[in-house]
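Undergrad: FYI, the numbering for the sequence shown is 1 to 150, going by the working numbering.
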Amino acid sequence: MKHYVSEPFRVRFSETDMAGVVHFSQMLRWAENAESEFFREHGLPFVEKGETAGTLFGWPRARVAADFLAPAHYDERIRVRIRPRGVPAENSSALHWDFEIVAGEESEPERAIARGSWTSVYARIDSAEKSVRAENVPETVRKILKIFEN
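This is the structure we're talking about:
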């Protein structure tokens, strides 16, 4: 499958400790930001309001796994690659992603910082009922994911 690659960005000082080293939790935020960019760039809503007040549809996380391979530092150039792990079946609510975070200037070879995966579940969130219910992945999302096959 093809990868979606985020725009390169620099590590901000607020994402590090005083030694300029990025905390591992920030790397998971970067992966999630790449997912949000993917949805936006393909014209898909990442979170959308339902028909009734207090109802949203979105992608809560069900599982996350990561291997942190090397530290990332303040002001390093970072890129995030994500890819769907297949197209969900018509009756599936789960969307599985793989990610890789790399550092390096354009003129340098990239070095892997972290690799991992997560599973999001398409869900109806009802604040009035205080409930979260899995729904089938929308066909519009499945259609876009098909372009990442092979």
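Backbone N, C-alpha and C define an ideal beta-carbon position, used for all residues, glycine too.
Please determine if the segment 98 to 118 and the segment 72 to 89 are in contact, where contact requires at least 3 C-beta pairs separated by less than 8 Å.
TA: Cβ pair count under 8 Å is three or more, so yes.
Undergrad: Name the residue from Val-11, Gly-20, Gly-54 whose alpha carbon lies nearest to the alpha carbon of Trp-30.
TA: Selected option, being the one with the closest Cα: Val-11.
Undergrad: Suppose you measure from the CA of Pro-138 to the CA of Ala-19; what does that come to, to the nearest Å?
TA: Each residue's Cα considered, the two are about 44 Å apart.
Undergrad: Using C-beta distances below 6 Å, list every residue in its chain close to Glu-105, excluding the 5 sequence neighbours before and after it, in chain order.
TA: Only Arg-77 meet the Cβ criterion.
Undergrad: Report the rounded CA-to-CA distance for Met-1 versus Arg-85, giving the unit in angstroms.
TA: Any reading at Met-1 needs caution, since the residue's pLDDT is 49, under 50, leaving its predicted position unreliable; the model's value is listed next. Roughly 8 Å separates the two Cα atoms.
Undergrad: Express the C-alpha separation of Glu-7 and Leu-28 in angstroms, rounding to a whole number.
TA: Roughly 16 Å separates the two Cα atoms.
Undergrad: Considering Val-80, what are the terminal residues of the beta strand (DSSP E) in which it resides?
TA: Taken as a continuous stretch (DSSP letters only), the beta strand (DSSP E) holding Val-80 covers 77 to 84.
Undergrad: Go ahead and pull the three-state DSSP assignment for Trp-118.
TA: If DSSP states are grouped into helix, strand and coil, Trp-118 belongs with the strands.
Undergrad: So for Leu-145, helix, strand or coil by DSSP?
TA: Helix at Leu-145.
Undergrad: Which of the three DSSP states is assigned to Glu-100 in this structure?
TA: Glu-100: strand per DSSP, three-state reduction.
Undergrad: If I follow the unbroken alpha helix (DSSP H) through Ser-36, where does it start and stop?
TA: Per DSSP, Ser-36 belongs to the alpha helix (DSSP H) from 24 to 41.
Undergrad: One question on the structure: do Ser-107 and Ala-134 come within less than 9 Å of each other, judged by their Cβ atoms?
TA: No.
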